[in-house]
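See structure below.
In my numbering, the protein residues as written are 896 to 1034.
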């Protein structure tokens, strides 16, 4: 189930230029890192599009970031991950709502807030050795 769920979320990361790594057998820990990176890239692009008045690109990139977060959220292993997984689920949900609100209000500060939160989660995830993470909250 883990691999299938991550693969579904990676579909949202398809156009990022690192799909070859994902298809090349990257371990589950690395796949989650790639999803974090993909969401962050989309938020940065959305912010730049917002600054330049490109409404269509802004909305598309925010939508894709939301989709990646949804993939991460729904594939948390709440049984194995316990309180940490439950907290991540709530945080991913919060970030999705803030991104939606940022899109509606054209608010770059909200995009920055989500990007900062996501960077914090990614930093924590990056500190976990790959083999241990595979057995953790996302696996």
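Where is the CB? At the ideal position from N, CA and C, for every residue including glycine.
Burial state of residue i, where buried means 16 or more other Cβ atoms lie within 10 Å
i            : result
residue 973  : exposed
residue 942  : buried
residue 1021 : exposed
residue 970  : buried
residue 953  : buried
residue 1001 : exposed
residue 962  : buried
Under the three-state DSSP convention, the category residue i falls into
i            : result
residue 1006 : helix
residue 971  : coil
Beta-carbon gap between residue i and residue j smaller than 9 Å
i            : j           : result
residue 1013 : residue 991 : no
Where the alpha helix (DSSP H) containing residue i begins and where it ends
i           : result
residue 941 : 923–946
* Asked: Which runs of the alpha helix (DSSP H) fall wholly inside the region 948–1002 and span at least 4 residues, in chain order?
  -> Listed in chain order, they are 950–969 and 973–1000.
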